[in-house]
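Residue numbers (the numbering used here): 3 to 754.
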Amino acid sequence: MSEPTVSEPTEIDRERDYVDGLFRRLDELTADAAARLADTRRQSVGGNHQSRSERDAFARLYEDTIATLERVGDRLVFGRLEVADPGADDEAFRYIGRVGLRDDEHRPLLLDWRVPGASAFYQATAAHPMGMRSRRHLTLEGRTVVNVEDEVFDATLYDDERTHLQGEGALLAAVTAERTGRMTDIVATIQGEQDRIIRSPLEGVLIVQGGPGTGKTAVALHRAAYLLYTYRDRLRGSGVLVVGPSSAFLTYIEQVLPSLGETGVVMASLGALYPGVSSSVHDRREVAAVKGSAEMADLLRRAVRSRQVPPTETVTLDVEGERLVVPPQLVADAMRRAQDRGKPHNAARVSFNKAALDAMTRLLADQIRARGNAVDEADEKVLREDIRSSHDARVLLNTAWLPLPPEKFIEDLYARPGWLATLTPNWTPERRALLQRPRGAGFTVEDVPLLDEAAELLGPFDPTGGAAGRQAAASHDRDVENARQAIENMGVEGIVSAEQVAGAFAEGGDPRSTAERAAEDREWTYGHIVVDEAQELSPMQWRVLARRNPLRSFTIVGDMAQGSSPGAARTWDDVLGALARRRRGRAPRVPLEHRVEELTVNYRTPRSIVEAAGAFAASAGLTVTANQAVRDGDPVERVRAARGALFDVVADRVEAERARIGAGTIGVIVPEADVTAVRERLARTAADVRGLGSPRAGSVTVLTGADAKGLEFDGVVLVDPERVGADAARAAAAVYVAMTRPTRRLTVIDVA
């Protein structure tokens with residue numbers, strides 16, 4: 003009787019065995035971190051502040067580890083490299099994943115995609131194999147390998163099994179997959195030109211120019227993850243800020259970084275760059291153009307200085323029954339000394355008050371001495387306090403130099419046309435009228451940089467008149483005294499100082515993460531800033547970002563051809579000029595170290611749509627960034643509709659697209675004035691009409707051309723492109739952006 007035949011394991015079988023082991027190791031590490039977290043939480047440290055701080059730090063470490071491992075989940079591993087000539091310390095195969103794993107002996111089982119040893123997975127080619135024989139893409143369903151696909155660099159590897167594994171299926175599957183309403187990471191399919199940009203050094207300004215569909219946003223986000231991993235020691239305490247054009251855009255991309263194991267990034271829209279304000283409302287474009295212009299910085303500077311006004315006449319004060327005559331020059335001299343220090347308005351006011359009070363104290367002391375009374379140093383302290391608490395003195399000082407919060411300052415500028423007129427003598431009445439509005443009207447996206455500029459010029463506002471600062475100082479003094487006594491009791495004098503111990507008290511009192519603290523602190527400076535859709539930012543918005551990163555370490559991603567906002571730059575030199583460091587006086591700005599990279603391959607948009615959008619741009623005289631589409635697609639459909647039947651035609655076309663696209667997403671891009679009416683009409687027939695910020699697979703989203711920036715849909719129905727363009731400052735660019743949002747189909751409805 004013959005023995006049963008045992009079939010040889012296939013490539014998929016071998017990969018399944020290895021990947022199963024990786025998931026077992028992932029589960030072991032997750033369970034170990036959970037056990038350590040539980041043990042740490044059970045620790046009893048009593049009233050020892052340092053011990054509590056250490057316990058909480060370890061607890062946060064374990065919590066972060068668990069969160070990272072759990073977010074990776076079933077998407078742990080996606081590729082493998084075969085090394086051509088492995089050395090004694092290298093394995094024949096390098097598996098690539100979203101995080102790195104090692105065994106109990108600290109031998110690598112899985113390489114994090116960001117480490118140098120993984121770069122060949124993205125950059126190796128047959129012409130330049132980078133020491134590799136092949137690259138393999140792994141496709142998983144759940145935790146099970148269901149497909150492998152090889153790109154072979156060494157011809158001697160070809161065999162019957164390898165041959166049928168060849169192809170570009172991983173990339174094509176990714177770019178043709180139905181959209182879910184959320185961007186996913188591209189870590190398994192990063193291409194060579196993208197990877198080179200992602201791994202570019204941290205220092206300086208990196209400008210990434212690319213047309214629609216070239217993966218600019220994905221590259222920017224993966225670069226943020228790469229920098230946080232590679233430069234973790236430098237960025238741990240300062241963090242990375244990612245800025246997008248709208249809250250809808252941030253919702254669209256919010257899952258990418260967590261899926262790559264990074265949760266410490268601050269993400270902010272242009273309307274949320276000032277703590278306490280989060281706006282999605284835009285001004286009319288003519289108003290936005292004024293607010294975004296660089297001259298607003300000079301206007302606000304003049305406005306602040308105009309709130310520092312010495313009296314023009316002598317003022318008589320009642321100080322505890324003593325009449326003190328204060329000449330205007332006394333106040334003017336104190337004001338000039340405070341201004342010469344160059345501090346912000348509210349901080350300089352403290353210097354002004356001190357100088358004015360000192361001068362008035364000397365004046366009152368001389369007045370008393372002139373009557374033959376002796377006044378010593380102790381008496382002068384009493385006199386100074388009498389003046390400081392005098393109602394008349396407070397009125398005099400506040401009238402000359404009142405502390406101001408940024409919000410009230412900006413509202414006053416808009417609500418007081420007479421004041422604005424004195425500040426803008428060269429403006430036309432029509433231009434001034436664009437800024438006028440009543441108090442309490444609410445701040446817009448374009449107000450945010452003005453608030454931030456005002457906060458920079460005014461400095462922190464303390465409504466307690468210094469009481470909060472005095473309370474904090476008193477609390478610190480108590481901490482120092484308690485620390486001093488503790489050091490004496492423990493007998494460790496000379497080893498640690500009371501100030502050091504008191505400082506540890508303060509540091510341990512804030513359990514928030516770096517990202518949480520940074521998002522709430524206007525004066526926080528980040529280690530790096532990533533700006534997407536950068537061509538849309540106004541000069542005033544760039545000033546905000548320059549303050550957030552004095553070292554000027556930026557990744558700036560955009561396409562000048564897509565700029566459609568009133569403040570949109572025309573060239574990257576305009577952006578660099580807005581970011582350049584300013585010297586004192588009239589000296590030229592310090593030039594920025596920068597480099598420009600270009601993405602040239604369009605992975606998202608089918609060739610038919612790229613050609614149609616390009617033809618439109620050419621007919622409109624719009625210069626666009628050339629890019630090469632990698633795949634074909636359905637032809638663009640154009641439909642004409644009468645104005646009275648427009649909404650019914652839109653509904654019919656959306657239903658037709660839903661039938662073609664299935665579970666994919668549809669974006670209906672309409673003029674701003676028609677958004678509500680189109681949503682209501684579609685709600686009667688479409689199964690799932692969603693609002694911005696809440697799309698999902700199979701849904702229909704109605705939005706404006708401005709809202710569509712940076713987003714993508716399986717199908718797009720562009721309604722009345724002429725009026726969609728009319729909503730924007732640069733009409734052709736707005737229509738071009740709208741036409742390049744789909745990944746599969748585009749329908750354009752023109753109005754007859």
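We put the CB at the ideal spot given by N, CA and C, even for glycine.
Could you check the C-alpha separation between M741 and E674 for me, to the nearest Å? Here the question's residue 741 lines up with position 739 in the sequence shown. Here the question's residue 674 lines up with position 672 in the sequence shown. So the alpha carbons of these two residues sit roughly 16 Å apart.
Which residue comes first and which comes last in the alpha helix (DSSP H) that contains P329? Mapped onto the sequence shown, residue 329 falls at position 327. Annotation for P329: no alpha helix (DSSP H) segment contains it, and DSSP assigns it neither H nor E.
Tell whether a beta-carbon distance below 7 Å holds between I751 and A643. Start at 1 with the first residue of the sequence shown, and residue 751 comes out as number 749. Start at 1 with the first residue of the sequence shown, and residue 643 comes out as number 641. At the C-beta level, I751 and A643 come within 7 Å of one another.
Use the C-beta contact count for R18: other C-beta atoms within 10 angstroms, 16 or more gives buried, fewer gives exposed. Here residue 18 refers to the residue found at position 16 when the sequence shown is read from its first residue. By the neighbour-count rule (16 or more Cβ atoms within 10 Å), R18 is buried.
Just the Cα atoms here: how many angstroms apart are V289 and L326? Along the sequence shown, read from residue 1 onward, the residue named residue 289 stands at position 287. Along the sequence shown, read from residue 1 onward, the residue named residue 326 stands at position 324. If you take the alpha carbons of V289 and L326, they lie about 49 Å apart.
Which of helix, strand or coil does DSSP assign to L720? Within the sequence shown, numbered from 1, the residue matching residue 720 stands at position 718. Reduced to three states, the DSSP call for L720 is strand.
Near P451, which residues of its chain fall below 6 Å by C-beta distance, leaving aside the five closest residues on each side in sequence? Within the sequence shown, residue 451 is the residue found at index 449, counting from 1. Once the five neighbours on either side are set aside, the close Cβ partners of P451 are M542, Q543, V546.
Quick one: using the 10 Å Cβ neighbour count with 16 as the cut-off for buried, is T703 buried or exposed? Looking up residue 703 in the sequence shown gives position 701. It counts as buried.
Mapping DSSP to helix, strand and coil, what is A699? Within the sequence shown, residue 699 is the residue found at index 697, counting from 1. In the structure shown, A699 sits in coil (DSSP, three-state: anything other than H, G, I, E or B).
For K218 versus E448, is the C-beta distance shorter than 7 Å? Here residue 218 refers to the residue found at position 216 when the sequence shown is read from its first residue. Here residue 448 refers to the residue found at position 446 when the sequence shown is read from its first residue. For K218 and E448, no; Cβs fall outside 7 Å.
Threshold first: 4 residues or longer. Then list the alpha helix (DSSP H) segments lying entirely within the region 604 to 651, N to C. Fully enclosed alpha helix (DSSP H) runs of no fewer than 4 residues occupy 609 to 621 of the region 604 to 651, in order along the chain.
Have a look at R609 and L63 and give me their C-alpha separation to the nearest angstrom. Looking up residue 609 in the sequence shown gives position 607. Looking up residue 63 in the sequence shown gives position 61. Looking at the backbone, the Cα of R609 and that of L63 are separated by about 48 Å.
Relative to the alpha-carbon of M362, which residue among V384, A120, G263 has its alpha-carbon at the smallest distance? Numbered from its first residue, the sequence shown carries residue 362 at position 360. Comparing Cα positions, the closest option is V384.
Below 6 Å CB to CB, which residues in the same chain sit around E297 once its five sequence neighbours on both sides are set aside? Reading the sequence shown from its first residue, position 295 is the one you call residue 297. Answer for E297: no residue qualifies.
Am I right that M134 and V85 are in contact with their C-beta atoms under 8 Å? What's the rounded C-beta distance? Start at 1 with the first residue of the sequence shown, and residue 134 comes out as number 132. Start at 1 with the first residue of the sequence shown, and residue 85 comes out as number 83. Cβ atoms of M134 and V85 come within 8 Å of each other, at about 6 Å.
Whole angstroms are fine: how far does the CA of D534 sit from the CA of L601? For the purposes of this step, residue 601 is identified with residue 599 of the sequence shown, where counting begins at 1. For the purposes of this step, residue 534 is identified with residue 532 of the sequence shown, where counting begins at 1. If you take the alpha carbons of L601 and D534, they lie about 14 Å apart.
Measure the CB-CB distance between I255 and V221 and report whether it falls below 7 Å. Residue 255 sits at position 253 when you count from the first residue of the sequence shown. Residue 221 sits at position 219 when you count from the first residue of the sequence shown. Cβ distance not < 7 Å, so I255 and V221 don't count as in contact.
In DSSP terms, what Y97 is bridged to: Reading the sequence shown from its first residue, position 95 is the one you call residue 97. Beta-bridge pairing links Y97 to R82.
Expressed to the nearest angstrom, what Euclidean distance is found between the alpha-carbon atoms of S271 and V559? The residue labelled residue 271 in the question sits at position 269 within the sequence shown. The residue labelled residue 559 in the question sits at position 557 within the sequence shown. Note on geometry: alpha-carbon atoms of S271 and V559 lie some 15 Å from one another.
Let me know the secondary structure DSSP gives N551 once reduced to three states. As a first step, residue 551 is located in the sequence shown; it is residue number 549 there, counting from the start. N551 sits in coil when the DSSP states are folded into three classes, being neither helix nor strand.
Which value, in whole angstroms, describes the spacing of the CA atoms of E714 and G246? Counting from one through the sequence shown, the residue named residue 714 turns up at place 712. Counting from one through the sequence shown, the residue named residue 246 turns up at place 244. Roughly 15 Å separates the two Cα atoms.
Own chain, CB closer than 8 Å to L581, minus 5 neighbours either side, in chain order: As a position in the sequence shown, residue 581 is number 579, starting the count at 1. Within the same chain, L581 has close Cβ partners V207, W544, L547, A548, R554, F556, L594.
Distance CB(N551)-CB(T216) smaller than 7 Å: Numbered from 1 along the sequence shown, position 549 holds the residue referred to as residue 551. Numbered from 1 along the sequence shown, position 214 holds the residue referred to as residue 216. Between N551 and T216, the C-beta spacing is not below 7 Å.
What is the DSSP secondary structure of H139, reduced to helix, strand or coil? Locating residue 139 in the sequence shown gives position 137, where the first residue counts as 1. Look at H139 here: in three-state DSSP terms it is strand.
Under a three-way DSSP split, which group does R303 fall into? Reading the sequence shown from its first residue, position 301 is the one you call residue 303. Note: R303 maps to helix in three-state DSSP.
Could you spell out where the beta strand (DSSP E) holding T318 opens and where it closes? Along the sequence shown, one-based indexing puts residue 318 at 316. T318 -> beta strand (DSSP E) spans 317 to 321.
For T706, tell me which candidate among A699, V672, I192 has the shortest Cα-Cα distance. For the purposes of this step, residue 706 is identified with residue 704 of the sequence shown, where counting begins at 1. Nearest option by C-alpha distance: V672.
Count the C-beta pairs between the region 348 to 365 and the region 315 to 329 that are closer than 8 Å, then say yes if the count reaches three, no if not. Three or more pairs of CB atoms, one per stretch, sit closer than 8 Å, so the region 348 to 365 contacts the region 315 to 329.
Hey, would you say T573 sits closer than 7 Å to G213, going by beta carbons? As a first step, residue 573 is located in the sequence shown; it is residue number 571 there, counting from the start. As a first step, residue 213 is located in the sequence shown; it is residue number 211 there, counting from the start. Contact: no.
For my contact list, S392 and V283 are in at a C-beta cut-off of 8 Å; report their separation, rounded to the angstrom. As a first step, residue 392 must be located in the sequence shown, where it is residue number 390. As a first step, residue 283 must be located in the sequence shown, where it is residue number 281. A Cβ-Cβ distance of about 45 Å is found for the pair S392 and V283, leaving them out of contact under the 8 Å criterion.
T765, enclosing beta strand (DSSP E) - first and last residue: An answer regarding residue 765 cannot be provided, because it is not within the stretch 3 to 754 covered by the chain.
Q438 burial status per 10 Å Cβ neighbour count (16 or more: buried): Locating residue 438 in the sequence shown gives position 436, where the first residue counts as 1. By the neighbour-count definition (other C-beta atoms within 10 Å, threshold 16), Q438 is an exposed residue.
Of the listed residues R743, S621, G263, nearest to Y228 (C-alpha basis): Within the sequence shown, the letter at position 226 stands for residue 228. The shortest Cα separation from Y228 among R743, S621, G263 belongs to G263.
Closest by CA to A536, which one among S567, M132, A730, R732? Counting from 1 along the sequence shown, the entry for residue 536 is found at position 534. Comparing C-alpha distances from A536 to each of S567, M132, A730, R732 shows the shortest one belongs to S567.
Classify A128 as buried or exposed, calling it buried when 16 or more other Cβ atoms lie within 10 Å of its own Cβ. Taking the sequence shown and counting its residues from 1, one reaches residue 128 at position 126. The residue in question, A128, is exposed, as its Cβ has fewer than 16 Cβ neighbours within 10 Å.
Ignore the nearest five residues each way along the sequence and tell me which others in V377's own chain have a CB closer than 8 Å to its CB. The residue labelled residue 377 in the question sits at position 375 within the sequence shown. Within the same chain, V377 has close Cβ partners A367, I370, R371, L385.
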